[in-house]
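Working notes for the structure below.
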Amino acid sequence: MKLTPVITEKSYRHAAGDKKKSRLFTFSVDPTQNKFQIVKEIEKIFGVNVLKSQILNRRGKIKKFKNIFGKTSLDKRIIVKLKPGQSISAFELEETNKEAKKDK
1 MKLTPVITEK SYRHAAGDKK KSRLFTFSVD PTQNKFQIVK EIEKIFGVNV
51 LKSQILNRRG KIKKFKNIFG KTSLDKRIIV KLKPGQSISA FELEETNKEA
101 KKDK
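Counting from 1, position 68 in the sequence shown corresponds to residue 68 in the UniProt record's numbering; the numbering is continuous, with no gaps.
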């Protein structure tokens, strides 16, 4: 199962919110999996409790290269809200790297 953290400006802002409140974490997942399978997998891998989840199905866009038309692949993302005080380590690594860059 593909489960990779999505680090964009918006997703990072949601993940780096107030530590005491619930924060939102975004993952790119396998398009064939459903919401409940993905939530179970996140809880099992990271050892957290998911309060709420939202699925985003992103359609592939039509692209043109010279006279050949093609389509980019489908992408599925999930945004999960955890219990207050819980966190996912994949997003904290980015936070410490950003703080180290500020110190330089």
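Cβ coordinates follow ideal geometry from the N, Cα and C atoms, glycine included.
Every value quoted in this text rests on a predicted model; they were computed, and no experiment measured them.
Query - Cβ separation of residue 32 and residue 79, assumed to be a contact under 8 Å, to the nearest whole Å - result: Contact annotation, residue 32 with residue 79: C-beta distance approximately 19 Å; criterion of less than 8 Å not satisfied.
Query raised in the report: Counting along the chain, where does the beta strand (DSSP E) carrying residue 29 start and finish?
Result: For residue 29, the enclosing beta strand (DSSP E) stretches over residues 24-29.
Query raised in the report: Cα-Cα, which of 23, 12 and 68 is closest to residue 83?
Result: Selection 23, 12 and 68 evaluated against residue 83 yields 23 as nearest (Cα-Cα).
**Report entry** Beta-carbon proximity of residue 29 to residue 3, cut-off 8 Å
**Finding:** By the CB criterion at 8 Å, residue 29 and residue 3 fall inside the cutoff.
Query - Neighbour-count burial assignment, residue 95, 16 or more Cβ in a 10 Å radius - result: Residue placement at residue 95 is flagged as unreliable, the pLDDT there being 47, under the threshold of 50; a coordinate-derived value is accordingly withheld.
Query - Reduced DSSP secondary structure (H/G/I, E/B, other) of residue 95 - result: Low confidence applies here, because residue 95 scores a pLDDT of 47, under 50, leaving its location unreliable; read the following figure in that light. Residue 95 falls in the helix class under three-state DSSP.
Query raised in the report: Taking C-alpha atoms, which residue in 75, 69, 81 and 68 lies nearest to residue 48?
Result: Taking residue 48 as reference, the option from 75, 69, 81 and 68 with the minimal CA-CA separation is 81.
Query raised in the report: Once you ignore the five residues that flank residue 69 on each side, which residues in its own chain have a CB closer than 8 Å to its CB?
Result: Cβ neighbours of residue 69 beyond the five flanking positions: 62 and 63.
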